[in-house]
Structure formats: C-alpha cells, structure tokens
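Numbering (the working numbering), first residue to last: 1 to 421.
Don't be surprised by glycine CBs; every beta carbon is placed ideally from N, CA and C.
Given the structure is predicted, the values throughout are model-derived calculations rather than measurements.
Notes follow the structure.
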C-alpha cells in the first residue's frame with residue numbers, strides 16, 4: 001500500500017493553526033493524527049518506512065483481530081501491572097468506542113466465537129485504506145521514508161529523508177514510534193537513545209508475546225515433534241490460575257497463543273530466578289482422581305503407550321512430552337503418572353529474541369509522563385502506543401490500547417497548545 005499520492009494543501013485560513021509533528025505511522029500515530037486534525041491542528045506525520053501501517057497490516061494476516069468483546073473487568077485484567085494506567089486511557093476510547101469508530105469508516109465488524117472482534121472481511125488493508133483517505137481529507141500530510149533523528153542545538157526537529165536531513169519546526173511533537181519487535185517493519189527502538197540523551201529514563205525493551213527456550217530437548221523429541229501443536233491443554237506459572245488453550249512445541253522450546261498469554265510472568269520469573277518452571281496440564285478436562293483411577297486399571301499385555309492412549313486418550317506429542325519430562329520411575333506404575341500428566345513441569349530458561357516477538361515491554365514509563373502523556377522532562381513532547389512501558393496478550397488488547405493512547409496523547413497535545421496561545 002503506497003502513501004505517495006498527492007497530499008492536499010491546507011487552506012490558507014488554517015495557516016495560523018498550530019503545527020504538530022507526529023512521528024510513527026502505526027495505529028497510535030495515525031489515530032493521534034486524526035484527533036489532532038479534527039481539533040484544528042496542522043498535522044505532518046512522518047514514518048521511516050516506505051508506507052505506513054506495516055505492522056498493522058501484518059497483524060491482519062490470517063484475520064484482523066481488532067479488539068475483544070469480553071466484560072470490562074476481564075478486559076482490563078489483561079494489562080497486568082499497568083491496568084490502572086491503561087484503564088484511564090480506555091475511559092474515553094474503549095472496545096465499544098473502537099468498534100463504533102471502525103463502523104464510521106464504512107467497515108463492519110463481528111464478534112467471533114472466542115469473543116474476539118474482527119472486520120467482516122477479516123482484513124486490515126480495507127480498513128487502513130479508508131482510514132488514510134479520511135486523514136488526507138482532513139489535511140494530514142504524510143511523509144514516508146522520513147526518520148526522526150532527534151533535535152538540533154536550537155531545538156528544531158531533525159528528520160532524515162531521501163533528500164537529506166531536514167529541520168522541522170512544530171508547536172508540539174507526538175512520538176508513536178513503536179517498541180522493539182519486528183524491526184524490519186519499522187519498530188526498531190532507535191528512539192531510545194534519542195530520549196535518553198535528553199534525560200528521559202527508560203525501561204529496557206524486552207520481548208512480549210514471545211516464544212521461550214528450554215535448555216535442550218532430546219533429539220528424538222526435536223526430530224519427530226518440533227512444530228506439533230498441543231491442543232486443549234492448560235498452563236500455569238508462579239502460582240497463578242491455569243489458562244487453557246494451545247501452543248506449539250518448537251526445536252528449542254515452546255511458542256503459541258497460550259504461551260504468549262503468560263509471557264509477562266514467565267519472562268519475569270526468568271529475570272528474577274534464571275528459570276521459569278511452567279506447569280502443563282495435558283488433560284485439563286479430566287480430574288486428577290478420575291485420571292489416576294483410569295490409569296490404575298490392569299493393562300494386561302498392553303504396552304504402556306497403548307494403555308495411556310486407551311485409558312486417557314494420551315498420544316502423539318502429548319505422550320512424547322510426558323516421556324521427555326516426567327521422571328523415569330513414574331512410568332513403573334501407570335497410576336503414578338497421573339500427577340505428572342496434570343502438572344508436568346517445563347523448565348524455560350530464556351525468551352526468544354526481541355526481533356521475533358509479536359510485541360515488546362519496556363520503553364517510556366508512565367512515571368515519566370504527565371496525565372496527558374507528555375514527557376515531564378520535555379514539555380511539548382507526547383508519547384503513545386507501544387513505545388510506552390506496558391504490555392498485553394494478543395487478542396485485540398494491544399491494538400485497543402495503542403488506539404486509545406494515540407487519542408489521549410493527541411488530546412493532551414491540543415490542550416497544551418491551547419494553554420500556550
């Protein structure tokens with residue numbers, strides 16, 4: 001999708017309007033640009049990539065999960081330690097408001113069986129096209145292949161482009177530069193050094209919604225079952241209630257939606273203790289006592305593998321992982337395997353690299369911002385989106401908070417500009 005179409009020139013009557021420079025063409029930056037333009041600002045949006053919304057489009061591959069329909073309390077719980085901060089952002093623009101906004105672009109939505117919300121055609125591209133059309137009609141000027149380089153000595157914004165470095169003057173700056181995941185799509189975290197040089201203390205960028213590695217799988221498990229899904233299982237970590245779903249066994253560890261949902265506590269355990277032992281329930285639908293009774297039945301001449309299959313339906317990658325991780329002596333009596341089947345410990349020792357993660361944690365802490373998302377150390381500079389220090393699992397939660405933070409930062413910038421007039 002190209003952004004090279006001619007841009008409209010704002011009317012001369014708007015020349016006295018304050019100018020705002022928005023850096024970052026993802027959901028947070030685009031939403032901020034829309035709110036700023038609607039509020040009467042002249043908006044220039046800059047993005048380092050050849051087109052905007054690249055990670056947004058990637059998120060739509062296989063189905064554009066835009067938000068979630070679950071009740072408010074459950075929704076807010078997905079933001080973990082930053083629940084209170086994200087709740088404040090969502091007061092104005094929650095999941096319902098996001099759906100209404102999508103409908104205003106002429107895109108209908110529906111709620112899937114899981115409660116996730118999707119555009120009717122399941123695609124991100126039509127939504128992005130309609131959105132860019134609206135922004136151009138508002139007078140937002142989009143500059144692609146323009147990278148923010150920080151500030152000059154006299155306070156102008158330094159911007160690199162194909163024509164060389166430019167100096168840009170703006171009444172306010174809104175940064176929505178993403179985190180550190182998927183750098184090939186533009187979220188490379190280079191902004192960190194620029195803000196730290198100006199005295200902004202940042203939390204290190206770390207993988208979120210990511211896979212994890214074990215010390216080593218056996219060659220048999222890797223060769224035969226790498227890439228195999230474990231469905232209808234439950235995972236728990238650090239005493240938290242188990243979550244049900246599915247994940248995938250990889251050559252070096254585990255990944256997939258169920259693992260992503262627990263990525264924050266797993267990563268925190270590894271950071272604090274050097275290892276996280278997640279407990280896997282291979283058969284969450286069968287109570288421990290019932291499973292032990294079934295496995296205690298005489299198996300006669302049947303092999304243990306056939307007995308596990310017949311009495312518990314345990315086969316394939318589930319049976320192989322049990323063999324891999326349960327102690328050898330537990331296989332002497334089938335009934336002794338029941339506790340291991342219900343709580344099989346998987347020792348995870350590290351995250352997969354940040355550039356592979358779906359999203360990132362870390363960045364600009366809320367403590368460095370005022371209630372309008374303006375940096376306390378840099379008046380007139382606002383931050384939004386994934387570059388803020390928060391995280392959430394996949395399921396529409398990431399996008400919802402990015403949209404909401406873009407709107408909040410834009411309202412903050414408009415209020416700040418109004419106070420300065």
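Asked, Found
"Residue burial classification, residue 103 (beta-carbon count within 10 angstroms, cutoff 16)", "exposed"
"Beta strand (DSSP E) segment containing residue 104, residue limits", "Here residue 104 belongs to no beta strand (DSSP E); instead the alpha helix (DSSP H) covers 95-104."
"Inter-residue Cα distance where the pair is residue 409 and residue 310", "58 Å"
"At least 3 beta-carbon pairs within less than 8 Å: the region 370-381 vs the region 196-209", "yes"
"Chain-order list of residues whose beta-carbon lies under 8 Å from that of residue 417 (same chain, five-residue window excluded)", "18, 20, 41, 171 and 172"
"Residues bridged to residue 345 [DSSP beta-bridge criterion]", "279"
"Contact set for residue 3: own chain, Cβ-Cβ below 6 Å, skip 5 residues either direction", "Note that residue 3 scores 44 on pLDDT, short of 50, meaning its location in the model is unreliable; the coordinates nonetheless yield the value given after this. Excluding sequence neighbours, residue 3 sits near 51, 52, 142 and 144."
"DSSP-derived helix/strand/coil call for residue 374", "strand"
"Cβ pair count under 8 Å reaching 3, the region 200-218 against the region 77-93", "no"
"Extent of the continuous beta strand (DSSP E) run through residue 166", "164-168"
"Euclidean distance between Cα positions of residue 244 and residue 284", "8 Å"
"Alpha-carbon to alpha-carbon, residue 271 and residue 8", "In this predicted model, residue 8 has a pLDDT of only 35, less than 50, meaning its place in the structure is not dependable enough to derive any value."
"Residue 294 to residue 308 span [Cα, whole Å]", "9 Å"
"Under the three-state DSSP convention, the category residue 5 falls into", "Reliability of the predicted coordinates at residue 5 is poor, the pLDDT of 35 falling under 50, and the value obtained from them is presented with this limitation in mind. If DSSP states are grouped into helix, strand and coil, residue 5 belongs with coil."
"Reduced DSSP secondary structure (H/G/I, E/B, other) of residue 220", "helix"
"Pairwise C-alpha distance: residue 321 and residue 383", "45 Å"
"Nearest-angstrom Cα separation, counted from residue 54 out to residue 138", "22 Å"
"Residue 305 in three-state terms, based on DSSP", "helix"
"Bounding residues of the alpha helix (DSSP H) (the contiguous stretch that carries residue 440)", "Nothing about residue 440 can be read from this structure; the chain reaches only from 1 to 421."
"Neighbour-count burial assignment, residue 426, 16 or more Cβ in a 10 Å radius", "Here the chain comprises residues numbered 1 to 421, so residue 426 is not present and cannot be evaluated."
"Inter-residue spacing [alpha-carbon to alpha-carbon] between residue 75 and residue 26", "22 Å"
"Reduced DSSP secondary structure (H/G/I, E/B, other) of residue 77", "helix"
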